[in-house]
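Sequential numbering of the sequence shown, starting at 9, is according to my numbering. Cβ coordinates follow ideal geometry from the N, Cα and C atoms, glycine included.
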Amino acid sequence: MPLNVKTRRTRTRIAVTVLSGLLPVLLGFTILYMQAERALKHNTEQTAEEAIRQFELMLDNNAQAARELLPLAGKSCIDVNLALREQVTRRPFVRSTNLLWDDTIYCSSLFGDYQEKVTAGDYSKGEILLMKGNLITPDSALLVYRLNAGKQGAMSTLDGYHLSNVLRMIGGKTLLLLQVGPDWLTADGTFHNDALPTLPVAQTKLTSSRYAFTVEAGFPEGETWRYMRSEYPPLFSLLIFFGVISGFIGHFLQKRSSSPSHELQRALEACEFIPYFQPVVHGDSKQWSGAEVLMRWNHPKEGLVRPDMFIPFAEHSGLIVPMTRSLMRQTAALLAPHPAPFDGPFHVGINVTASHCRDLELVADCREFLAAFAPGAISLVLELTERELIEPTAITLQLFEQLHELGVMIAIDDFGTGHSSLGYLRQFNVDFLKIDQSFVAMIGVDALSRHILDTIIELSAKLDLGIVAEGVETEEQSDYLTAHGVNFLQGYLFGRPMPAAEFINALSHH
Ligand code: C2E
Ligand code: CA
Ligand code: CA
């Protein structure tokens, strides 16, 4: 049933609710993730900048020492040894100093006279070299600064301990390394000369503008999540709060959009309300005298839906008027090209609700309907249920007067189940009474119901009203009603409500 069942749609609704709740949470998470990545990148950039600054400050001492010693290169080692040692003593970070002639160390602050060939190409930009160690400290890295002018040369070394100390202190949780040419040093003081590692999160590489070295900073895998977990817990709670609110809003909006009236409006626009036709036969000859038009909802998912399932919603939402109008237009379009092969006008019964009788629009609808047929081909009967009586106001009286002028007839449907008075029947110029099927069903079963039936038949004869018996299912009922002079019969015995094509086909065979 299209308006109240919990089927696929319920599942879709739950899915949409969950999605509308998850969407802001996921979106928020993505934004926070990006924000965390940005914060980490900023962090590594700052760390690398600070490391560069510190290394440059250290190297400034070595460069200064080398500059002061360079003019002494070429002099005998005995004469300059004191000057070499003085630089080591005076300058922070300078561990040793050397003098060179023609790229050969000939005097060292450590050993005095000393001979060692230096390969200038080993030095990054001819300036600095990162070494794994030297004779004195083979396992402790050191950085050598080299200054050259012609055959003269001066060198000063910087202990790797200071370098790894800076990497450790500035780096903190950041992975930080110093690179000089193909060699690099990590915070634990280890020397490497293989390929540089890639730092998976927020990798930053900065090169000193003053000396030939580079600093690389980054974080290990999973650092973004770790950062989010430690920095954003209050924002996570806020996100979940927004998710719940958004889920509620999504749920509420869906409820609104899938309300019965919304669904009916959609179905009306999609022309899903179609007419079915049930024949009405003459009491004596059993020949077709007309048909009642019964609405069906050709629902795309639920199939054919009976009117009891949706007419109450349609009445409640006010959509019953445009729905009836659509039904009348479809009926006219379907039946007009097929004139009934009978004498006299073919009765077409249309069910009309009280709300359709509040203004004169119904007259225009009937006029439009009748205009589709050849004059006198059909007789339009409006069926008004007795359970829902129309107030006799100036407008309604005028309406019924105009309807009669048009030749439209009025039938009181479900007669016997409501409280229409004689005055009411006269006031609205009623033409037919349709006996409710509950009385017909009691023929041969219940004496009291049969008595009411007899009274209705008598009353209609006295008031000169046509009488239609609904719900005739058996020969016994049919015989009884015919014997009591009921003019018209309708029920499964003569034909069930059927789609237009079947009805038109059957019509030509009768
Ligand atoms: P109704 O106007 O009293 O229509 C007669 C109902 O009795 C129809 O049910 C019909 O299928 C059913 N019926 C006909 N012969 C037999 C029979 O021999 N035995 C039994 N048990 N039932 C029989 P349906 O088509 O389900 O319509 C139900 C009600 O929905 C209608 O009762 C009418 O009140 C309302 N309805 C149908 N179409 C429209 C419409 O276009 N507009 C309005 N406002 N109401 C409609
Ligand atoms: Ca009816
Ligand atoms: Ca009825």
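{"query": "For Tyr114, the first and last residue of its enclosing beta strand (DSSP E)", "result": "Thr112 to Ser116"}
{"query": "Buried or exposed by the 16-neighbour rule on C-beta atoms within 10 Å, applied to Asn544", "result": "An answer regarding residue 544 cannot be provided, because it is not within the stretch 9 to 518 covered by the chain."}
{"query": "Counterpart residues of Phe199 in DSSP-defined beta bridges", "result": "Leu193"}
{"query": "Ligand 3 heavy atom lying under 8 Å from the CB of Gln485", "result": "no"}
{"query": "Arg245 in three-state terms, based on DSSP", "result": "Correcting the residue type first, residue 245 is Ser in the shown sequence and not Arg. Helix."}
{"query": "N-terminal and C-terminal residue of the beta strand (DSSP E) that Ile443 is part of", "result": "Phe440 to Ile443"}
{"query": "Residue range of the alpha helix (DSSP H) that includes Thr463", "result": "Ala455 to Lys470"}
{"query": "Through-space distance from Tyr284 to Thr463, alpha-carbon basis", "result": "32 Å"}
{"query": "Cβ-heavy atom distance, Glu478 to ligand 3, below 8 Å", "result": "yes"}
{"query": "Closest Cα partner of Pro228 within the set Leu184, Leu261, Leu193 and Tyr219", "result": "Leu184"}
{"query": "Beta-carbon proximity of Val416 to Leu378, cut-off 9 Å", "result": "yes"}
{"query": "CB contact flag (Arg98, Ser164, <9 Å)", "result": "no"}
{"query": "Per-residue burial, Gly255 [other beta carbons within 10 Å of its own, 16 or more giving buried]", "result": "buried"}
{"query": "Nearest to Leu118 (by Cα), restricted to the options Leu90, Gly230, Gly141 and Lys140", "result": "Leu90"}
{"query": "Thr393 beta carbon near ligand 3 (any heavy atom closer than 8 Å)", "result": "yes"}
{"query": "Assumed close pair Leu302, Pro505 - CB separation to whole angstroms, cut-off 8 Å", "result": "5 Å"}
{"query": "From Pro241, Leu388 and Glu399, residue whose alpha carbon lies closest to that of Pro353", "result": "Leu388"}
{"query": "Entirely enclosed beta strand (DSSP E) segments - the region 379-427, minimum 3 residues", "result": "386-393 and 417-423"}
{"query": "Within 9 Å, strictly: CB atoms of Ile6 and Ser428", "result": "In the structure as shown, the chain begins at 9 and stops at 518. Residue 6 is therefore absent and cannot be evaluated."}
{"query": "Cβ-Cβ separation, Met139 to Ala149 (assumed contact under 8 Å), whole Å", "result": "6 Å"}
{"query": "Close-in-space but distant-in-sequence residues of the same chain around Arg176 (CB under 7 Å, 5 per side omitted)", "result": "Ala195"}
{"query": "The alpha helix (DSSP H) enclosing Thr482, as first and last residue numbers", "result": "Taken as a continuous stretch (DSSP letters only), Thr482 belongs to no alpha helix (DSSP H), as it is neither H nor E."}
{"query": "Cβ neighbours of Gly298 in the same chain (closer than 7 Å, five flanking residues each side left out)", "result": "Val288, Phe354, His355, Val356 and Gly357"}
{"query": "C-alpha gap between Ala380 and Ala344, whole angstroms", "result": "6 Å"}
{"query": "Ile451 (DSSP reduced to helix, strand or coil)", "result": "coil"}
{"query": "Contact check, Thr393 vs Gly426, beta carbons under 9 Å", "result": "yes"}
{"query": "Residue burial classification, Arg218 (beta-carbon count within 10 angstroms, cutoff 16)", "result": "exposed"}
{"query": "Distance cut-off 8 Å: Asn359 Cβ against heavy atoms of ligand 2", "result": "yes"}
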